[in-house]
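Participant: Can you keep this structure in mind? I'll have questions shortly.
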DNA sequence: AACGGCACCTGGTCGC
DNA sequence: TGCGACCAGGTGCCGT
């Protein structure tokens with residue numbers, strides 16, 4: 008899935024086409040997502056004007072006149088602007104037909120994504136309540152990571168991927184940031200120094216920003232709001248490169264499982 | 001409270 | 001060529 012850069016790319020890609028339009032028609036072809044799409048969602052959305060689109064964590068938040076649309080892309084979701092002439096494919100779950108003729112179409116083979124509508128002036132939802140800070144915000148710093156990690160025995164990679172600690176960092180970017188910071192992903196979070204957390208926070212910010220500039224990472228099927236893939240995959244230093252030479256020291260990269268997720272690192276450069 | 005593990009899905013790839 | 005095993009960008013929830 009989409010990690011933060013891919014969701015941000017989607018957000019920026021669809022925004023110019025949907026903000027200011029109204030939702031003329033909602034077509035739910037397959038309501039089976041992580042949670043079934045509510046039966047009344049189409050009726051509640053029809054006729055509303057789209058005021059803005061933003062990203063929070065890996066969620067897209069589409070603000071309308073009378074409430075908020077909350078969408079998550081799961082592992083294989085993509086949201087793009089298309090037209091009515093574009094043939095519908097398998098796993099195209101829903102369409103919003105917009106004034107002006109554009110269609111916002113959601114595609115998700117594995118169905119881990121979601122779509123909710125929250126009525127009212129306040130964006131409040133259980134899925135949003137315990138999220139940590141945005142990694143690209145000023146609240147996310149080395150000091151912050153250091154303070155929250157004291158006495159924690161969990162591997163630092165899992166700590167970094169915990170959305171209660173910081174949002175948006177998934178498996179790809181956690182691997183990359185830890186490599187860049189020279190930290191062994193297996194190291195207990197509580198045994199990483201302040202100095203190294205400062206390095207880690209800086210690399211997380213740098214790598215995410217760079218990936219956003221490249222339109223995200225496309226491994227298989229991710230496409231941005233314009234339907235085009237991202238180009239950050241060619242910049243990856245360790246993700247997907249187990250048993251290949253480290254770009255720094257040329258030793259072969261190692262692979263381990265941490266929290267059921269494949270973890271790749273250099274045992275020479277990371278400790 | 002913190003942590004590990006499972007579950008939810010489809011589809012692509014790999015080895016036999 | 002076919003088939004089963006395994007893996008994949010996430011995350012809520014369960015049990016310990």
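Residue numbers (the numbering used here): 8 to 278.
Even glycine gets a Cβ: it sits at the ideal position worked out from N, Cα and C.
Treat the numbers as computed from the prediction; the structure is a model and nothing was measured.
List the whole-angstrom C-beta distance separating residue 140 from residue 11, where the pair is believed to meet the contact cut-off of C-beta under 8 Å.
Facilitator: Rounded, the Cβ-Cβ distance is 12 Å, inconsistent with contact.
Participant: What is the DSSP secondary structure of residue 106, counted as helix, strand or coil?
Facilitator: Looking at residue 106 - three-state DSSP - the assignment turns out to be coil, as it is neither helix nor strand.
Participant: Identify the residues that DSSP records as bridge partners of residue 123: which are they?
Facilitator: Note: residue 123 sits in a beta bridge opposite 77.
Participant: What's the C-alpha gap between residue 129 and residue 71?
Facilitator: Spanning the two alpha carbons is a distance of roughly 12 Å.
Participant: Can you name the start and end residues of the beta strand (DSSP E) that residue 67 belongs to?
Facilitator: Counting along the chain, the beta strand (DSSP E) containing residue 67 begins and ends at 66-71.
Participant: Let's see if you can read the secondary structure: which residues bound the alpha helix (DSSP H) around residue 63?
Facilitator: It is not in any alpha helix (DSSP H) - residue 63 instead sits in the beta strand (DSSP E) that spans 57-63.
Participant: Which of the three DSSP states is assigned to residue 261 in this structure?
Facilitator: Correct three-state label for residue 261: strand.
Participant: Just curious, the alpha helix (DSSP H) that residue 202 is in, first and last residue?
Facilitator: Counting along the chain, the alpha helix (DSSP H) containing residue 202 begins and ends at 201-220.
Participant: Please report the straight-line C-alpha distance between residue 75 and residue 118, rounded to a whole angstrom.
Facilitator: The straight-line gap from Cα to Cα measures roughly 21 Å.
Participant: Under a three-way DSSP split, which group does residue 252 fall into?
Facilitator: Three-state result, residue 252: strand.
Participant: Which residues in the same chain have their Cβ closer than 7 Å to the Cβ of residue 190, if we skip the five residues on either side of it in sequence?
Facilitator: Excluding positions up to five away in sequence, the list reads 163, 199, 203, 207 and 277.
Participant: On the CB-based measure, 16 or more other CB atoms within 10 Å of its CB, does residue 108 come out buried or exposed?
Facilitator: Looking at its Cβ environment, which holds fewer than 16 other Cβ atoms inside 10 Å, residue 108 is exposed.
Participant: On the DSSP letters alone, give me the boundaries of the beta strand (DSSP E) that residue 85 sits inside.
Facilitator: First-last of the beta strand (DSSP E) with residue 85: 85-89.
Participant: Give me the residue from 63, 196 and 256 with the minimum Cα distance to residue 155.
Facilitator: Here the closest residue by C-alpha is 196.
Participant: Give a yes or no on whether the C-beta atoms belonging to residue 215 and residue 177 are separated by under 8 Å.
Facilitator: Not in contact: residue 215 and residue 177 (Cβ atoms no closer than 8 Å).
Participant: Please work out which residues of its chain come closer than 7 Å, Cβ to Cβ, to residue 14, disregarding the five sequence neighbours upstream and downstream, and give them in chain order.
Facilitator: Cβ neighbours of residue 14 beyond the five flanking positions: 62, 65, 67 and 80.
Participant: Taking the continuous alpha helix (DSSP H) assigned at residue 33, which residues delimit it?
Facilitator: It is not in any alpha helix (DSSP H) - residue 33 instead sits in the beta strand (DSSP E) that spans 30-35.
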